[in-house]
Amino acid sequence: MRVIAGDWRGRKLVAPKGEGTRPTADRTRETLFNMLNSRLGSFEGLSVLDLFAGSGALGIEALSRGAEHCLFVEQDAEAVKAIKANIAALDARKRSTVQAGSVMSLGPAKATHDLILLDPPYDTGAGQVALDRMLRLGWIGPATWIALETHKREEIKLHGLAIEAERAVGKAKLTILRLAD
102 MRVIAGDWRG RKLVAPKGEG TRPTADRTRE TLFNMLNSRL GSFEGLSVLD LFAGSGALGI
162 EALSRGAEHC LFVEQDAEAV KAIKANIAAL DARKRSTVQA GSVMSLGPAK ATHDLILLDP
222 PYDTGAGQVA LDRMLRLGWI GPATWIALET HKREEIKLHG LAIEAERAVG KAKLTILRLA
282 D
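Letter by letter, the sequence shown follows residues 102 to 282 of my numbering.
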């Protein structure tokens, strides 16, 4: 697993040990960031939230492309170790915060984020539950872009959010969302 583009392009990332996480394939990550780049134009200065972070590859990719800060949220202990190791190897500690614990333990937001990346376990509905919670607690604002990875057969039904784009890549479905009008 490698960083696709930006300052850390080509740098290797470590994945968590065990079966607790499913790292996003390089091809899927590249497709996702192409989709986001065409909408955002640039990642410069963005505040990013990486939920169900796993190895941290999605948030690290955003940082590599110029995001100002990323909050990584992950409950699996081995995954938290991998995120911290990846952040240390890239000397990204000042631009990163790692929160060990469930996405559902997040309280009210101090501010909205520019980009929220979610890669929950497939076929659990956890992404939808997390997004509903993020909406209620003020993490999502009018300028927020959301990228949700699910299994390609998983149905997405979200209240208050509109689907901007969807694309199937292998077993995954990538969905870009915004606040509904």
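Here a beta-carbon is modelled for each residue, glycine too, at the ideal position from N, C-alpha and C. Keep in mind that this is a model prediction, so the values were computed, not measured.
{"Query": "Pop quiz: residue 261 and residue 238 are said to be a contact at Cβ under 8 Å. What is the actual Cβ separation, rounded to whole angstroms?", "Result": "Going by Cβ atoms, the distance from residue 261 to residue 238 rounds to 13 Å, so no, they are not a contact pair."}
{"Query": "On the three-state DSSP scale, how would you describe residue 324?", "Result": "Within the shown structure, residues of the chain are numbered from 102 to 282, placing residue 324 beyond reach of any answer."}
{"Query": "Do you know offhand how far residue 221's Cα is from residue 248's?", "Result": "11 Å"}
{"Query": "Check each candidate in 227, 180 and 146 and name the one with the smallest Cα separation from residue 252.", "Result": "227"}
{"Query": "For residue 104 versus residue 143, is the C-beta spacing smaller than 8 Å?", "Result": "no"}
{"Query": "Using only the alpha-carbon positions, how far apart do residue 181 and residue 162 sit?", "Result": "17 Å"}
{"Query": "Which same chain residues end up closer than 6 Å to residue 150 when comparing Cβ atoms and leaving out the 5 residues on each side of it in sequence?", "Result": "172, 214 and 217"}
{"Query": "Tell me whether the beta-carbon of residue 117 lies closer than 8 Å to the beta-carbon of residue 168.", "Result": "no"}
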